[in-house]
Structures are given as C-alpha cells and as structure tokens.
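Asker:
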Amino acid sequence: MALGPRLDLRQSQSLVMTPQLQQAIRLLAASNLEIETFISEALEANPLLEAGAVSSEDRGEQGENDDIPREEFTSDQLIGQGQGESEAPLDIDSSALDRDRDTGDGAAGAASADAEWGAAASVGSAGDTLPDLEQTQEAEATLAEHLNGQVGAASHDDRIVFIARHLIGLLDEAGYLPFDLREVAADLGVALSLVEDALRTVQSLDPSGVGARSLSECLAIQAREMDRYDPCMALLIDHLEWVARGEVAKLKRICGVDDDDFADMLSELRSFDPKPGLAFGSNLASAVVPDILLTDNGEGGWDITINEDTLPRLVVNRSYFIELREGSPDPEAQSWLKEKLADAHWLIRALDQRQKTILKTAAEIVKKQDGFFREGVSQLRPLTLREIAEEIDMHESTVSRVTSNKFLHCDRGCFELKYFFSSGVSSSDGEGASSEAIKARIKALIDGEDAKKVLSDQKLVDLLKGEGFDLARRTVAKYREAIGIGSSAERRRQKKLNGLR
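Residue numbering for the sequence shown follows this note's numbering, starting at 16 and increasing by one per position.
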C-alpha cells in the first residue's frame, strides 16, 4: 500500500479557559493584600478606573452612556463552577447566623460540655491556646530558636549543651552543618569526642535530620528516627547517586530486594525531607491582615463583613469617558475606549462577586463552627470543604480557592479559614470531634500532669477513651508531636531540671 500526503478537515469540541475566567480564578484565590496590589496595577493601566466610594444610586445609573451591553456575571461564569450570584449586601444579616442556645446544643449543651471537659477545659477560653495576631507572628520561630528550646532537655552535661548550642549557631538555613568537626573542636579548645557527642545531641532534636553534614547522613538520621534504617535502606542511602541516575537494576541487585520491596523503599526514601531546616522562617514575622471581620452583635448572632480598609472601591469615571468619546472621533480610538470600558465594568463586577462569594462561604463556616467562636477550640467540630460546598451550592474547588490565603479576625484571634477544616475522630456521642479539639485536650491533660507522674502516651489514650474518644496510641503520639510536646521521657527530664533550678 502506497503512502502519500493528504489533507483532512476535522471538527472537534474543546473546553478552553478564557483570559477573563483565568483572571477571575486568580482573583478568588488571592488575599486582600494581593488584591490591593492588583487594583493598583489596574488603576495605572486603565484611565477609566478610579478609586472612590460609590452609592447604590450611582450603580443604578451606570450604563446610561454605554455603547456596549453590560453583561451580568455569575459565579458560574467567573469561576466555572457554583450557583448564581447572591443579591445580599456585603454585610451579612446576623439573623442568618442566629442560633438558639437554649435548645439542644445551646447553653445547656455548652454547660454540660464544659463539665465534661473539666477544669482543664480552660484551653477553650480566649487567651490560652488560641493565639491572637501578635502571638501568631511570634509563633514563627527560627530554626535556631526551635533547636535551642530543646537542647537543654536533651543532655545533662553542661559542656555538651554549650557545644551543641554553638553547633546550632553554625547550621545553615537548610539545617546542615557545613563545618569540619575538627575545626570546631580547635576553635572551642575542646576534645573532638565532645564535639561529636554534641553533634549527636543536635541530630537527636526535632526536626529529624538537622545537624547532618551531607544529604545521605540527613536521610539516614530520618530513617533511624522512623525505625526504617535496615541494611537494605542503608545501602540505598549510600548509593544516592545511582538513585539520581535511575539505575534501578544495580540498586535492586546491591540491596538484594525484589520489585515490590524496592518500590516500598524508594517511596519511604522520597517521604524524607532533604532540607528539614527550611520549614522554619527567619526572625522577621510577616504581618497578617484579616480579610474577614467577625463580631458578636449582642443578640445571639454574628455580623460578618469584608475588611475594606485595604480594598478601595473601584468606579468608572463617567465624565472622563464621555469627554474622551466625544473628543476622539478616530474609530481605532473609539474601539480602544470601548475595550477599556468593558474591562473596567468586568473588573468591578468580578471584585464584587468575589466579596459576595467570600462572605457566603465565611457565613457558612461560622454557622458550622458556632461552638468554636462561643466556647473555644474544644468545640471545634470536624468539617470538610465538601460540606460547605454542598450547603452554599458551589463546587468544592471554589470553596478551596475562597479559603486559601484568607484570614478571619474574631474575639479569639486571627485564623486562616483553612484552620476551621480538620479531620475528625469518633466519639461516644456519635458526632465526632475535630483533631484540633483533641490536640487541645491532650495539651490540657499534659499541662495538668503531676511532675512525679508524667503521663505516657498510653495513659493519655486511656484518659481520652474514658472521655469518649477512641484513639490509637500512635494517633495520640502524632497529635502530641504536632503541637510541639515532647515524649514522656523528655518531659520527665525537663521537669526534673526545672525542679533543680
């Protein structure tokens, strides 16, 4: 059969994101500070836009002199998913969030819950475990501060502690030690063995892998911490250059494993953090500007507003548009003018729809987490993006974009909207409890423990089970580590040192 060139005409359909749709998605996911920057650039690029207040009457009169139709955009058109545009004002009526606290889970429920948690449930009160804005900034500790806070309890030898603190000061931002131990020993005038002991102390601290002098040593430390450093894993870590080149056959042969075992080993290796120090920031804490303001209206409901201090109101300069249109008869100039007017109208409506979508989502979050805002973190319930999406009749991806980089300020502090979404654990009442509430309870139990009877993870499991929460010991350990609390052995040593002082 002979081959030859030919021309074919085919018709197909494809889904393409328009530039306006892409812009709307970016606007929805942006924070207030990013929107402020975007508006500043838009004001410079479009002469018909100006910042200023506009009344509802002005909005109604806009368009009288337009030569182009004004199309109304909905959430579907702006972000590709969701329900139509809400006509509610930007200040949400508190009656939509009212909750009868005298029925069911109201005041009586709060009182019984407070009694159930006991005296240690004060973690749910404002000012204890819930950080305010300043505390949130201070919590961003540097790597050196984080390590120095642990080294005192890691060794009882003052010389080792001193040398370890010196080594911590030498670590780079990734957590590696770029100096030879002999040089360090010579600088300090101590024996090399003491410096080696101090380095082992540093390498035992959290995060796992700090203090390493090479990538292989960093991964080996993490493998030992996870009890995965068997001879096969050791050989794999020793031949990282083969891993980088993808020489699978050589690696399987030298490690003596089959395909399944090698795949598991490689997956574990990739789960390690090659630069553990990068999880910590610098000494400069960035200010958090809330996007949403939540206040108690004093009548059992909530008032939710967008923080407009950083968001100037955009309006179209009608008089300037008329002046330009009448003074520029050139068709090309008229076309450019219409394009700028269309861009201005679209941007104003897109920003307005963004605010309405954010408020709609925040209002539903407040309804779902009403117990948190009234009682504290102990009443934080499990919540997923899907639940909010179903309630407000929008797509889950839309809710995800709305809650990204957005902060809500209330009497209890400033919180990212993502904070209110957490997994849950089963409880005896059938409703479940948020993982954040469980963490708060674990912290309360540990804070109230006797210095002579430090609670082990298993004891914490038993205490929580007695309160109706069925958790495994490894889950309790994971939550304890997540909130920065050491093991029972570490806490016992720390309490002894504090007692000696």
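Heads up, the beta-carbon is just placed ideally off N, CA and C, and yes, glycines get one too.
(1) Below 8 Å, how does it come out for the stretch 451-469 and the stretch 391-408: are there three or more Cβ pairs, yes or no?
(2) Would you decide whether Tyr191 is buried or exposed? Buried here means 16 or more other CB atoms lie within 10 Å of its CB.
(3) Within the 9 Å Cβ cut-off, does Glu51 reach chain D?
(4) Helix, strand or coil: how does DSSP classify Lys511 here?
(5) Give the straight-line distance between the Cα atoms of Val491 and Ala57, rounded to the nearest whole angstrom.
(6) Excluding sequence positions up to five away, which residues of its chain have a Cβ less than 6 Å from the Cβ of Gln384?
(7) Leaving out five residues before and five after Asp117 in sequence, what residues of the same chain have Cβ atoms less than 7 Å from its Cβ?
(8) If you draw a straight line from the C-alpha of Pro104 to the C-alpha of Thr413, how long is it?
(9) So, with DSSP's three-state summary, where would you put Gly167?
(10) Measuring only the C-alpha atoms, how far is Asp274 from Leu266?
(11) Over the uninterrupted alpha helix (DSSP H) stretch that includes Thr310, give me the two end residues.
(12) Check whether the Cβ atoms of Leu400 and Thr418 sit closer than 9 Å, and answer yes or no.
(13) How big is the Cα-Cα spacing for Asn420 and Glu431?
(14) Do Glu160 and Val331 have their C-beta atoms within less than 9 Å of each other?
(15) Please classify Gly428: does DSSP put it in a helix, a strand, or coil?
(16) Could you have a look at Ala300 and say whether DSSP puts it in helix, strand or coil?
(17) Measure the C-alpha to C-alpha separation of Gln92 and Thr52 and round it to an integer number of angstroms.
(18) Quick one: using the 10 Å Cβ neighbour count with 16 as the cut-off for buried, is Thr33 buried or exposed?
(19) Between Phe295 and the rest of its own chain, which residues show a CB-CB distance below 7 Å, the 5 nearest in sequence each way excluded?
(20) Apply the 10 Å Cβ neighbour rule to Val476 and answer buried if 16 or more other Cβ atoms are within range, or exposed otherwise.
(21) Contact defined as beta carbons within less than 8 Å: I believe Gly184 pairs with Pro291. What is the distance between those atoms, to the nearest angstrom?
(22) Please list, in chain order, all residues of the same chain as Pro346 whose beta carbon is under 6 Å from its beta carbon, the five residues on each side excluded.
(23) Residue range of the alpha helix (DSSP H) that Ala201 falls in?
(24) Considering Cα atoms alone, identify which of Leu512, Gly499, Gly204 is closest to Asp221.
(25) Looking at the structure shown, is Ile319 part of a helix, part of a strand, or coil, going by DSSP?
(26) Report the partner residues of Lys468 according to the DSSP bridge assignment.
(27) Could you work out which residue in Lys468, Gly481, Asp485 is closest to Arg506 when comparing CA atoms only?
(28) So Thr216 and Ala259 are supposed to be a Cβ contact under 8 Å. How far apart are they, rounded?
(29) Kindly provide the ranges of any alpha helix (DSSP H) runs that are 4 or more residues long and lie completely inside the stretch 214-257, ordered along the chain.
(30) Exposed or buried, Asp465, counting other C-beta atoms within 10 Å across all chains shown (16 or more means buried)?
(31) Quick check: the stretch 207-215 against the stretch 239-258, are at least 3 beta-carbon pairs closer than 8 Å?
(32) Smallest Cα separation from Asp390: which of Asp426, Trp361, Asp358, Leu366?
(33) Starting from Leu64, follow the beta strand (DSSP E) in both directions and report where the run begins and ends.
(34) In the DSSP assignment, what residue or residues form a beta bridge with Val331?
(35) Please classify Lys480: is it buried, with 16 or more other beta-carbons within 10 angstroms of its beta-carbon, or exposed?
(36) With respect to the alpha helix (DSSP H) encompassing Thr413, which residues constitute its N-terminal and C-terminal limits?
Answerer: On the basis of the data shown:
(1) Enough Cβ pairs lie closer than 8 Å, so yes.
(2) By the neighbour-count criterion, in which a residue is buried when 16 or more other Cβ atoms sit within 10 angstroms of its Cβ, Tyr191 is buried.
(3) This model lacks chain D altogether, as it is built from one protein chain only.
(4) Helix, per DSSP.
(5) Looking at the two C-alpha atoms, the distance is approximately 50 Å.
(6) Result list for Gln384: Phe435, in chain order.
(7) For Asp117, the predicted structure reports a pLDDT of 37, less than 50, and the residue's modelled location is therefore unreliable. The matter cannot be settled from this model.
(8) Because the pLDDT of Pro104 is 35, which lies under 50, any placement of that residue in the model is unreliable, and the number read from its coordinates should be weighed accordingly. Here the C-alpha atom of Pro104 lies approximately 20 Å from the C-alpha atom of Thr413.
(9) If DSSP states are grouped into helix, strand and coil, Gly167 belongs with the helices.
(10) A direct Cα-to-Cα measurement between Asp274 and Leu266 gives close to 11 Å.
(11) First-last for Thr310: 307-311, but that is the beta strand (DSSP E), not the alpha helix (DSSP H).
(12) Contact flag set, yes.
(13) Cα to Cα, Asn420 sits roughly 7 Å from Glu431.
(14) Contact check for Glu160 against Val331 fails: the beta carbons are separated by 9 Å or more.
(15) Gly428 falls in the strand class under three-state DSSP.
(16) With a pLDDT of only 46 at Ala300, under 50, the local geometry of the prediction cannot be trusted, and the value read off the model is given with reservation. Collapsing the DSSP output to three states places Ala300 in coil.
(17) Because Gln92 sits at a pLDDT of 42, beneath the cut-off of 50, its placement in the model cannot be relied upon, and the following sentence gives the value as read from the coordinates. Between the alpha carbons of Gln92 and Thr52 lies a distance of about 24 Å.
(18) The residue is exposed, with fewer than 16 neighbouring Cβ atoms inside 10 Å.
(19) Correct list, in chain order: Ala156, Thr157, Leu158, His161.
(20) Of the residues assessed, Val476 falls on the buried side of the cut-off, its CB having 16 or more other CB atoms within 10 angstroms.
(21) No, Gly184 and Pro291 are not in contact; Cβ-Cβ is about 17 Å, not under 8 Å.
(22) Within the same chain, no residue comes within 6 Å of Pro346 by CB-CB distance, once the 5 residues on both sides are set aside.
(23) The continuous alpha helix (DSSP H) containing Ala201 extends over residues 196-203.
(24) The shortest Cα separation from Asp221 among Leu512, Gly499, Gly204 belongs to Gly499.
(25) Annotated three-state conformation of Ile319 is strand, per DSSP.
(26) Bridge partners of Lys468: Asp465.
(27) Comparing Cα positions, the closest option is Lys468.
(28) Distance from Thr216 to Ala259 at the Cβ level is roughly 31 Å; contact not present, criterion being Cβ atoms closer than 8 Å.
(29) The stretch 214-257 contains these whole alpha helix (DSSP H) runs: 230-240, 246-253.
(30) Result: exposed.
(31) Segments in contact, no.
(32) The question names Asp, but residue 390 in the sequence shown is Glu. Each of Asp426, Trp361, Asp358, Leu366 was checked against the Cα of Glu390, and the nearest Cα belongs to Asp426.
(33) Its beta strand (DSSP E) spans residues 64-66.
(34) Beta-bridge analysis with DSSP links Val331 to Leu64.
(35) It is exposed - the Cβ of Lys480 has fewer than 16 other Cβ atoms within 10 Å.
(36) Membership of Thr413 in the alpha helix (DSSP H) is indicated by the continuous run 411-418.
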